[in-house]
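Enquirer:
Protein chains: 2
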Amino acid sequence: MMEAQQSVPEESAHPVPAPPRRERVFLQKSSVCSRSYFMVVMVFFHVYIINVIALLLYVHYNNGQGELGGPRSRSERLMYLPRIEGIRVGHVQKVSLVPDRLHEMRTLSLKPLLFEIPGFLSEEECRLVVQLAQLKGLTESQVMVPEGQEELAEQLDLSPEEIFNLLDLNQDGQLQLQEILTQSRVRDGIWLTPENLREIYTGLKADPDGDGLLSLAEFKQLSSNAFQRFLQQRGVQSSQLVRNSRHTWLYQGEGAHHVLRELQKRVTRLTRLPPQLVELSEPLQVVRYEQGGHYHAHHDSGPVYPETACTHTRLAANSSTPFETSCRYITVLFYLNSVEGGGETTFPVADNRTYEEMSLIQNDVDLLDTRKNCDKGNLRVTPTKGTAVLWYNYLSDGKGWVGELDEYSLHGGCVVTRGTKWIANNWINVDPDYERQVRYQQLVSQAHSTASERSKPNADPHGDAHQDL
Amino acid sequence: MMEAQQSVPEESAHPVPAPPRRERVFLQKSSVCSRSYFMVVMVFFHVYIINVIALLLYVHYNNGQGELGGPRSRSERLMYLPRIEGIRVGHVQKVSLVPDRLHEMRTLSLKPLLFEIPGFLSEEECRLVVQLAQLKGLTESQVMVPEGQEELAEQLDLSPEEIFNLLDLNQDGQLQLQEILTQSRVRDGIWLTPENLREIYTGLKADPDGDGLLSLAEFKQLSSNAFQRFLQQRGVQSSQLVRNSRHTWLYQGEGAHHVLRELQKRVTRLTRLPPQLVELSEPLQVVRYEQGGHYHAHHDSGPVYPETACTHTRLAANSSTPFETSCRYITVLFYLNSVEGGGETTFPVADNRTYEEMSLIQNDVDLLDTRKNCDKGNLRVTPTKGTAVLWYNYLSDGKGWVGELDEYSLHGGCVVTRGTKWIANNWINVDPDYERQVRYQQLVSQAHSTASERSKPNADPHGDAHQDL
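Protein chains in written order, with full-length UniProt numbering: chain A, 1 to 469; chain B, 1 to 469.
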């Protein structure tokens with residue numbers, strides 16, 4: 001500034017142009033406004049911008065590939081479901097669920113992929129969840145036989161011959177007890193055993209020769225709902241039901257008790273699933289089994305066929321479908337107390353080489369019966385306060401999404417021989433139809449944003465849905 | 001330059017400085033050499049360079065996370081080993097191995113993780129591999145009992161009491177046949193059966209009471225190499241050896257036959273492993289079993305302890321180690337012909353719920369014996385020309401690298417009852433010690449670059465290593 005102002009008077013005083021003076025001229029401040037300077041800077045600036053854009057595109061492209069990896073089909077999807085590696089039975093891996101502590105996660109079986117995490121909940125947290133459940137109040141998990149229900153066979157309009165043929169698995173022209181039980185295990189919540197089936201036969205005079213086999217002629221004599229009517233007349237005890245427990249549902253979304261919120265976050269960390277998936281799943285189910293309580297072996301979710309809809313995504317389903325299942329990808333079960341006697345969780349066919357439905361019931365050993373044969377199953381988990389077990393009810397589809405139902409995930413609650421058993425279940429619902437799950441999540445987030453001014457319970461899609469589960 | 005020369009006389013003619021004229025001054029060409037201009041450009045340039053570096057670092061960091069995902073420890077590693085998903089037995093997935101065709105890959109078992117890929121090789125390729133092997137010449141896979149070998153017991157300096165105690169698994173003070181066989185199954189390549197063990201007892205008068213049990217007193221009467229000496233005197237037939245076949249090794253590196261090169265590329269695509277890993281593995285082993293040929297059940301690789309070294313990375317091992325194994329992460333087995341009778345590959349304990357070494361040999365059923373009990377194993381693969389089977393000999397370590405030996409990978413070649421059996425093996429060698437594998441690969445790539453002017457066979461680390469395998 002100073003130099004520039006000095007240079008001009010100097011030049012006018014000495015008319016002969018001298019090289020040293022000329023250099024001085026270009027140090028004037030206004031030189032930054034020159035056209036050539038502007039041109040050079042603009043070129044640099046544009047090259048710079050183009051480079052930044054190219055690098056950002058490169059970063060974006062690389063991230064897309066890196067995150068999803070593997071088969072090409074995945075790169076089109078924005079969400080995928082990592083599965084925890086089981087490695088081998090007995091393998092222990094460290095997991096970070098809470099600050100300042102690592103939990104140990106032990107592989108209990110590979111079929112189903114099943115893990116145990118001791119100390120998942122603190123004593124205090126267990127106590128609180130039980131109290132919250134008691135405060136809300138528990139209802140019978142299963143009511144006694146409902147009356148006046150129509151038989152499925154009547155709805156489907158099948159002839160007795162057709163039904164007989166469907167039931168006769170080995171096609172020997174006779175119905176063994178086992179064939180009746182495999183397919184008609186549960187009659188409106190009543191759990192049939194070979195003994196009470198024999199009792200029904202006698203009561204109905206259905207099997208005159210008493211060989212425990214029904215011929216087509218004998219079968220035709222029975223009216224389609226003869227079994228039900230007989231059982232209803234005789235009366236049913238709770239120990240004869242599929243499950244004998246009381247339960248309630250605890251909402252874990254916004255505004256819920258901080259321990260329930262924290263529990264949900266911990267489950268997200270444990271399962272490594274996208275948080276939104278966990279948040280949009282069913283509320284926490286808290287279950288109490290009194291002494292003598294049980295839950296016969298079952299699957300937490302059903303098989304999936306192209307026409308099957310999921311309960312949680314029916315919002316996003318295009319049409320009404322004849323079949324619906326709960327689509328519980330993962331079960332996380334928490335033991336809220338250590339049971340004095342019995343009450344183990346049994347996985348009767350865990351890591352079996354093969355799964356055959358028929359071989360579950362053989363002669364007098366019915367592996368599904370958790371009142372009698374818990375000791376004969378492959379795997380039993382003893383309830384320990386604060387321990388969580390996690391298993392996958394579905395296999396992977398090999399492309400990062402949910403595949404078929406894992407039949408080996410069959411499990412039940414053994415009869416409680418002493419004391420009370422408190423557990424809680426967190427089910428992670430995922431629709432095996434990827435597009436439907438995505439559509440559902442979009443619908444919910446839209447509903448959330450429009451309903452955010454209204455009362456909160458309405459925004460939760462499971463608010464009412466599971467009152468009756 | 002021209003403008004600059006004109007402007008100075010103008011200024012000298014009119015002493016009063018006028019703004020319009022001053023603007024013209026800065027359009028002079030030499031303005032790009034001004035100090036302020038230089039300063040501004042340099043600042044821009046530095047900012048630009050810093051931005052590019054920051055973005056490159058960001059890309060690098062993101063790649064590291066994206067590719068490896070999961071546990072934090074992985075992000076430090078540049079290489080990881082994806083495993084093919086098995087999903088469930090019978091699952092079929094499409095794989096792209098050659099242009100214009102998709103192959104089907106069927107899951108045969110999960111323990112070990114085992115797949116079958118029909119049509120992996122064309123008829124023509126099978127024929128060519130057999131011809132190349134014949135051209136090179138095959139050698140006996142196992143020679144008869146070598147003489148004059150020292151007993152391991154003598155080297156280890158153990159007393160007879162100590163050896164007896166080690167062998168006595170159930171600690172009942174007596175050695176059952178089963179206990180001898182479980183631990184001394186193979187004596188210098190001779191496969192001991194319960195029958196020939198009884199024969200040895202009789203020949204050596206080792207078991208006077210003839211109950212098939214050795215007491216400590218009886219055991220002490222035997223010299224440490226009594227078994228060997230007896231067997232050598234009696235003479236050994238090839239059917240009594242662990243394996244009864246002939247084999248050769250075919251180099252697949254640079255300069256090898258294009259079919260062998262192509263085969264290696266296809267294996268890389270199939271296994272989804274880094275190409276360098278596959279390229280640095282053992283050459284292709286081609287094996288011929290004549291009628292009566294067999295290979296008793298075995299593991300292709302050994303268990304890994306901290307002190308165990310891998311044969312393929314001994315270049316990179318820091319010190320000499322007492323144990324060495326071949327570290328064959330994956331076996332890819334090709335059937336080069338369809339065998340007329342027998343010759344199946346058996347996996348006796350595939351998908352068993354548990355693995356117990358002792359229960360493999362029970363009474364008269366020895367599941368390891370592929371001459372007798374192939375029909376009693378869990379899984380048998382029938383040789384079909386062109387079909388490949390792939391299995392993992394090691395589990396994952398849960399962090400994207402090789403873990404423990406998968407004991408369920410136990411397999412053998414059933415006796416060929418009619419015709420000849422031709423197979424080929426591609427083993428993918430990976431050191432369970434990640435650092436050692438990386439060091440080894442660096443060493444090899446250095447050796448390659450320095451030895452590239454020399455003859456090619458020297459640059460191949462497996463050139464000589466496997467002549468004697």
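Ideal Cβ positions, reconstructed from N, Cα and C, are used throughout, including at glycine.
Measure the C-alpha to C-alpha separation of B/E104 and B/V92 and round it to an integer number of angstroms.
Expert: On the second sequence, residue 104 of chain B is found 104 positions in, with the first residue counted as 1. On the second sequence, residue 92 of chain B is found 92 positions in, with the first residue counted as 1. Approximately 6 Å between the Cα atoms of the pair.
Enquirer: Report all residues from its chain with a CB closer than 8 Å to the CB of A/D366; omit the five preceding and five following residues, and keep chain order.
Expert: Translated into positions along the first sequence, residue 366 of chain A becomes position 366. The residues are L181, T193, P194, L360, K372 and N373.
Enquirer: Is A/Q174 helix, strand or coil by DSSP?
Expert: Sequence index remark: in the first sequence, residue 174 of chain A carries index 174 (1-based). In this structure, A/Q174 counts as strand in the three-state DSSP scheme.
Enquirer: Runs of 4 residues minimum, wholly inside the segment 261-300 of chain A: which ones carry the alpha helix (DSSP H) assignment?
Expert: Whole alpha helix (DSSP H) segments, 4+ residues: 275-279.
Enquirer: For chain B, is any of its Cβ atoms less than 7 Å away from the one on A/G148?
Expert: Here residue 148 of chain A corresponds to residue number 148 of the first sequence, with the count starting at 1. Its pLDDT being 46, under 50, A/G148 is placed unreliably by the model, and nothing is read from it.
Enquirer: Per DSSP, what kind of secondary structure is B/C310 in: helix, strand or coil?
Expert: Taking the first residue of the second sequence as position 1, residue 310 of chain B is located at position 310. Here B/C310 sits in strand by DSSP.
Enquirer: Can you name, in chain order, every residue of its own chain whose Cβ lies under 6 Å from the Cβ of B/T417, other than the five neighbours on each side?
Expert: Here residue 417 of chain B refers to the residue found at position 417 when the second sequence is read from its first residue. Cβ within range, chain order: G341 and G342.
Enquirer: In the DSSP assignment, find the beta strand (DSSP E) that holds B/A388 and state where it starts and stops.
Expert: Position 388 of the second sequence holds residue 388 of chain B. Its beta strand (DSSP E) spans residues A388 to Y392.
Enquirer: Roughly how many angstroms lie between the CA atoms of A/T308 and A/W401, to the nearest whole one?
Expert: What you label residue 308 of chain A is simply residue 308 of the first sequence in a count that begins at 1. What you label residue 401 of chain A is simply residue 401 of the first sequence in a count that begins at 1. Going from the Cα of A/T308 to the Cα of A/W401 covers about 17 Å.
Enquirer: With 7 Å as the threshold, decide whether the Cβ of B/I50 is near any Cβ in chain A.
Expert: Residue 50 of chain B sits at position 50 when you count from the first residue of the second sequence. No, B/I50 does not count as interfacial toward chain A.
Enquirer: Mind checking if A/F44 is an interface residue toward chain B, Cβ cutoff 7 Å exclusive?
Expert: Taking the first sequence and counting its residues from 1, the one referred to as residue 44 of chain A is at position 44. Interface residue, yes.
Enquirer: By the DSSP assignment, the beta strand (DSSP E) with A/T248 in it spans what residues?
Expert: Counted from its first residue, the first sequence places residue 248 of chain A at position 248. From DSSP, the beta strand (DSSP E) with A/T248 extends over R246 to L250.
Enquirer: Could you spell out where the alpha helix (DSSP H) holding B/R101 opens and where it closes?
Expert: Within the second sequence, residue 101 of chain B is the residue found at index 101, counting from 1. Per DSSP, B/R101 belongs to no alpha helix (DSSP H); it is in the beta strand (DSSP E), R101 to S109.
Enquirer: Within its chain, find whatever has a CB closer than 6 Å to the CB of B/Y201; leave out the 5 residues flanking it on each side and keep chain order.
Expert: Counting from 1 along the second sequence, the entry for residue 201 of chain B is found at position 201. D207.
Enquirer: Report, in whole angstroms, the separation of the C-beta atoms of B/T382 and B/T346, which I expect to be a contact under 8 Å.
Expert: Counting from one through the second sequence, the residue named residue 382 of chain B turns up at place 382. Counting from one through the second sequence, the residue named residue 346 of chain B turns up at place 346. Not quite, the Cβ-Cβ distance comes to about 11 Å (not below 8 Å), so this is no contact.
Enquirer: How big is the Cα-Cα spacing for A/F26 and B/M39?
Expert: As a working mapping, residue 26 of chain A is identified with position 26 in the first sequence. As a working mapping, residue 39 of chain B is identified with position 39 in the second sequence. In this predicted model, A/F26 has a pLDDT of only 47, less than 50, meaning its place in the structure is not dependable; the value taken from the coordinates is given anyway. Cα-Cα distance, rounded: 13 Å.
Enquirer: Roughly how far, in whole angstroms, is the beta-carbon of A/Q285 from the beta-carbon of A/N425, given that I think they are within contact range, below 8 Å?
Expert: In the first sequence, counting from the first residue as 1, residue 285 of chain A sits at position 285. In the first sequence, counting from the first residue as 1, residue 425 of chain A sits at position 425. That belief holds up - the Cβ atoms of A/Q285 and A/N425 are roughly 4 Å apart, short of 8 Å.
Enquirer: Check B/G70 in the structure and name its three-state DSSP category.
Expert: Locating residue 70 of chain B in the second sequence gives position 70, counting from the first residue. Confidence in B/G70 is poor, its pLDDT being 39 and thus under 50, which makes the residue's placement unreliable; the coordinate value appears in the next sentence. Reduced to three states, the DSSP call for B/G70 is coil.
Enquirer: Please compile the residues from chain B whose C-beta is within a distance smaller than 7 Å of the C-beta of A/D351.
Expert: As a position in the first sequence, residue 351 of chain A is number 351, starting the count at 1. Those are R353, listed as they occur along chain B.
Enquirer: Consider the Cβ of A/I87: report whether some Cβ of chain B lies at a distance smaller than 7 Å.
Expert: By 1-based counting over the first sequence, the position of residue 87 of chain A is 87. Judged by the 7 Å Cβ criterion, A/I87 is in contact with chain B.
Enquirer: Name the residue from A/Q441, A/C414, A/T354 and A/Y335 whose alpha carbon lies nearest to the alpha carbon of A/I117.
Expert: As a position in the first sequence, residue 117 of chain A is number 117, starting the count at 1. For the residues A/Q441, A/C414, A/T354 and A/Y335, the minimum Cα distance to A/I117 belongs to A/Y335.
Enquirer: Taking 8 Å as the cut-off, does the segment 295-306 of chain A touch the segment 399-413 of chain A (at least 3 CB pairs, one atom from each stretch)?
Expert: With the cut-off at 8 Å, the segment 399-413 of chain A and the segment 295-306 of chain A touch.
Enquirer: What is the rounded straight-line gap between the Cα of B/F164 and the Cα of B/L216?
Expert: As a working mapping, residue 164 of chain B is identified with position 164 in the second sequence. As a working mapping, residue 216 of chain B is identified with position 216 in the second sequence. Going from the Cα of B/F164 to the Cα of B/L216 covers about 7 Å.
Enquirer: When burial is assigned at 16 or more other CB atoms within 10 Å of the CB, is A/G377 buried or exposed?
Expert: Along the first sequence, one-based indexing puts residue 377 of chain A at 377. The residue is buried, with at least 16 neighbouring Cβ atoms inside 10 Å.
Enquirer: Under the assumption that B/T450 contacts B/W391 (Cβ atoms under 8 Å), give the Cβ distance between them as a whole number of angstroms.
Expert: Indexing the second sequence from 1 puts residue 450 of chain B at position 450. Indexing the second sequence from 1 puts residue 391 of chain B at position 391. Not quite, the Cβ-Cβ distance comes to about 37 Å (not below 8 Å), so this is no contact.
Enquirer: Using a Cβ-Cβ distance cut-off of 7 Å, determine whether B/L81 contacts chain A.
Expert: Reading the second sequence from its first residue, position 81 is the one you call residue 81 of chain B. No, B/L81 does not count as interfacial toward chain A.
Enquirer: Which value, in whole angstroms, describes the spacing of the CA atoms of B/W191 and B/L177?
Expert: Translated into positions along the second sequence, residue 191 of chain B becomes position 191. Translated into positions along the second sequence, residue 177 of chain B becomes position 177. If I take the Cα positions, the gap works out to 14 Å.
Enquirer: For the candidate residues A/E124, A/L241, A/V339 and A/Y394, whose alpha-carbon lies nearest to that of A/Q142?
Expert: Within the first sequence, numbered from 1, the residue matching residue 142 of chain A stands at position 142. Minimum Cα distance to A/Q142 is reached at A/L241.
Enquirer: What does the alpha-carbon distance come out to for the pair B/A388 and B/G119?
Expert: Here residue 388 of chain B refers to the residue found at position 388 of the second sequence. Here residue 119 of chain B refers to the residue found at position 119 of the second sequence. Cα to Cα, the separation comes out at about 8 Å.
Enquirer: Alpha carbons only, please: which of A/G203, A/H247, A/F227 and A/L57 is nearest the one belonging to A/R288?
Expert: Position 288 of the first sequence, counting from 1, holds the residue named residue 288 of chain A. Out of A/G203, A/H247, A/F227 and A/L57, A/H247 has the C-alpha closest to the C-alpha of A/R288.
Enquirer: Cα-Cα, which of A/G86, A/L231 and A/L260 is closest to A/E279?
Expert: Counted from its first residue, the first sequence places residue 279 of chain A at position 279. The candidate whose alpha carbon is nearest that of A/E279 is A/L260.
Enquirer: Just to check, is the beta-carbon of A/Y392 closer than 6 Å to a non-hydrogen atom of the ligand ZN?
Expert: In terms of ligand content, the structure shown is empty, and the ligand ZN therefore cannot be addressed.
Enquirer: Per DSSP, A/Y440 forms a beta bridge with which residues?
Expert: Against the first sequence, residue 440 of chain A aligns to sequence position 440. Partner(s): none; A/Y440 has no beta bridge.
Enquirer: By DSSP, does B/T450 sit in helix, in strand, or in coil?
Expert: Position 450 of the second sequence, counted from the first residue, corresponds to residue 450 of chain B. Three-state DSSP puts B/T450 in a helix.
Enquirer: Is A/L97 near A/R234, with beta carbons less than 7 Å apart?
Expert: Counted from its first residue, the first sequence places residue 97 of chain A at position 97. Counted from its first residue, the first sequence places residue 234 of chain A at position 234. Cβ distance not < 7 Å, so A/L97 and A/R234 don't count as in contact.
Enquirer: Give me the residue from A/T313, A/I50, A/V89 and A/V47 with the minimum Cα distance to A/A350.
Expert: Residue 350 of chain A sits at position 350 when you count from the first residue of the first sequence. Closest option to A/A350, Cα to Cα, is A/V89.
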